[in-house]
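According to my numbering, the sequence shown is numbered sequentially starting from 95. For every residue, glycine included, the Cβ atom is placed at its ideal position computed from N, Cα and C. Here the structure is laid out as structure tokens; the discussion comes afterwards.
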Amino acid sequence: MKIKNRTACTTAAPSPARRRLAMASLAAAGLLCSFTAQAQVAVFQENFTSGLGSFTAAGSATNSSGAARLAGCYGCTDGAITSGPISTVGFSSLSLSFDRVTSGLDIGEGGIAEYSTNGSTWTALETTRATSNGRVTFNLPAAAAGQTGLRLRFRIDANLSSETYTVDNIQLTGISGDGGGTNPHAKGPAPTASLLEASTGPFTYASTNVSSLSADGYGGATIFHPTNVAGPFAAIAISPGYTGTKSTMTWWGERLASHGFVVAVIDTNSIYDQPYQRAPQLMAALRQLVTFSNTSSHPIYRKVDPNRLGVMGHSMGGGGTLIAARDNPTLKAAIPLAPWNTSTNFSSVSVPTLVVACESDSIAPVNSHASPFYNSLPSSTRKAFMEMNNGDHFCVMNGNDFTRIMGKYGVAWMKRFLDNDTRYSPFLCGAQHQADLSNSQLSEYRENCPY
Numbered sequence: 095m096k097i098k099n100r101t102a103c104t105t106a107a108p109s110p111a112r113r114r115l116a117m118a119s120l121a122a123a124g125l126l127c128s129f130t131a132q133a134q135v136a137v138f139q140e141n142f143t144s145g146l147g148s149f150t151a152a153g154s155a156t157n158s159s160g161a162a163r164l165a166g167c168y169g170c171t172d173g174a175i176t177s178g179p180i181s182t183v184g185f186s187s188l189s190l191s192f193d194r195v196t197s198g199l200d201i202g203e204g205g206i207a208e209y210s211t212n213g214s215t216w217t218a219l220e221t222t223r224a225t226s227n228g229r230v231t232f233n234l235p236a237a238a239a240g241q242t243g244l245r246l247r248f249r250i251d252a253n254l255s256s257e258t259y260t261v262d263n264i265q266l267t268g269i270s271g272d273g274g275g276t277n278p279h280a281k282g283p284a285p286t287a288s289l290l291e292a293s294t295g296p297f298t299y300a301s302t303n304v305s306s307l308s309a310d311g312y313g314g315a316t317i318f319h320p321t322n323v324a325g326p327f328a329a330i331a332i333s334p335g336y337t338g339t340k341s342t343m344t345w346w347g348e349r350l351a352s353h354g355f356v357v358a359v360i361d362t363n364s365i366y367d368q369p370y371q372r373a374p375q376l377m378a379a380l381r382q383l384v385t386f387s388n389t390s391s392h393p394i395y396r397k398v399d400p401n402r403l404g405v406m407g408h409s410m411g412g413g414g415t416l417i418a419a420r421d422n423p424t425l426k427a428a429i430p431l432a433p434w435n436t437s438t439n440f441s442s443v444s445v446p447t448l449v450v451a452c453e454s455d456s457i458a459p460v461n462s463h464a465s466p467f468y469n470s471l472p473s474s475t476r477k478a479f480m481e482m483n484n485g486d487h488f489c490v491m492n493g494n495d496f497t498r499i500m501g502k503y504g505v506a507w508m509k510r511f512l513d514n515d516t517r518y519s520p521f522l523c524g525a526q527h528q529a530d531l532s533n534s535q536l537s538e539y540r541e542n543c544p545y
């Protein structure tokens with residue numbers, strides 16, 4: 095929230111003659127200020143706790159005492175830092191705040207803050223010298239909203255290396271388009287059928303590997319995480335099936351990360367691990383994601399919300415998903431995919447669970463696995479059952495024919511229950527969902543709406 099907005103909400107006491115009218119005005123102003131405080135959420139932030147963080151450097155640009163220090167240079171390149179692309183899709187009323195300090199600048203020199211919507215044309219927000227130190231806030235024009243590649247740049251125009259411009263605690267905030275802006279977990283534009291059915295969502299993402307030697311309690315992982323939108327994000331761990339590896343499930347990691355989740359697609363300790371062994375490995379992976387998020391040198395530093403965790407898995411990994419949901423009621427969502435398990439009783443599960451089945455599954459036949467698993471879930475638990483028409487046991491893996499509809503429901507389920515984002519409810523219960531029931535790729539769908 096901007097300091098100047100707080101100041102604007104401070105009003106002197108009215109004269110007696112105008113007290114009633116003034117008190118009514120103050121009450122209205124108080125409501126307006128309260129709404130604005132709720133509506134402003136972080137779109138992007140950088141505190142330079144780990145080098146220059148998400149910024150790339152040119153010229154003399156270094157991390158000094160946890161801030162970006164830019165120095166001048168005579169006859170060579172002055173210091174500058176430029177952010178990667180930042181998604182402002184789904185946000186309005188953007189505001190940029192940062193701390194800056196200049197030192198030794200002469201007339202005609204300055205520290206410059208600017209932004210670009212295309213990466214080539216830059217608009218200056220300010221050029222400052224030593225008399226303008228402190229924290230500042232700038233309201234960006236409406237054209238900066240709704241961009242997939244907004245960039246920020248800070249640079250110095252000076253002649254000497256002793257002349258510096260130091261920047262820290264950069265924060266870009268905006269009003270989220272979540273139907274009022276009151277949900278801090280809601281990220282991205284309002285969902286549409288075409289957005290959910292596309293192969294990737296609104297955010298760019300990166301991946302990083304966890305080796306078997308670095309993994310704590312599981313066999314290794316590839317972590318997929320958003321790169322052009324501020325966290326923290328809900329986190330999801332995904333297990334492959336019997337004899338499978340993480341490489342069979344990467345499409346889920348990519349799809350979910352591009353919609354604003356941190357996703358660990360894991361290898362298990364043994365490809366022959368049973369469901370009861372995969373469940374604790376899913377939880378171990380989630381715990382390590384939280385640890386990585388608390389480690390300043392890790393790529394997912396500050397990206398994981400430890401209170402919003404979910405699990406997924408295929409086949410025996412799906413059985414492990416159900417067991418993890420049963421044994422860890424603090425989980426927020428679960429999606430077992432063509433699940434296999436020796437027990438069909440999950441009557442104590444309270445975690446919202448979407449069971450995905452493959453109609454022609456001969457390895458985990460629907461009538462003896464996915465269907466009784468779903469039926470055993472209590473009616474008090476938010477649940478759904480989705481069966482892929484004529485799909486075999488591998489219909490949920492990479493290269494399947496159901497990615498549009500399956501990815502749509504997988505993302506919507508996680509958005510609704512991990513992010514508490516009710517903008518996705520119509521795709522699970524409402525008119526959008528009803529339209530999908532005639533989709534030829536669905537052979538059956540059950541649910542206990544509303545949610």
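- Relative to the Cα of S390, the nearest Cα in the group F138, S148, V135 belongs to S148.
- Assignment of beta strand (DSSP E) within the stretch 458-520, counting only whole runs of 3 or more residues, yields 477-482 in chain order.
- The shortest C-alpha to C-alpha distance from D172 to any of A155, A236, G240 is the one to A155.
- Looking at the DSSP output, A427 bridges to G404.
- If you draw a straight line from the Cα of N227 to the Cα of R194, it comes to about 6 Å.
- When the Cα atoms are used, S341 and N233 turn out to be separated by approximately 44 Å.
- By the Cβ-count criterion, G412 is buried, with 16 or more other Cβ atoms from all chains shown falling within 10 Å of its own Cβ.
- In this structure, the beta-carbon distance from I394 to L383 falls below 8 Å.
- DSSP places F318 within a strand segment (E or B) once states are collapsed to three.
- Note that the stretch 322-329 does not touch the stretch 477-484; fewer than 3 beta-carbon pairs, one per stretch, sit closer than 8 Å.
- Under the three-state reduction of DSSP, V356 is assigned to strand.
- In the DSSP annotation of this structure, the continuous segment of the beta strand (DSSP E) that includes S210 starts and ends at 204-210.
- Annotation: S387 to R249 spans about 29 Å, alpha carbon to alpha carbon.
- The C-beta distance from A252 to G153 rounds to 11 Å, too long to fall under 8 Å, and the pair is not in contact.
- G314 and E203 have their C-alpha atoms roughly 51 Å apart.
- When L522, D455, V183 are compared, the shortest CA-CA separation from T298 is found for V183.
- Only exposed fits Y168, as fewer than 16 other CB atoms lie within 10 angstroms of its CB.
- G268 and Q139 have their C-alpha atoms some 12 Å from each other.
- For T321 and N461, the gap between their C-alpha atoms comes out near 42 Å.
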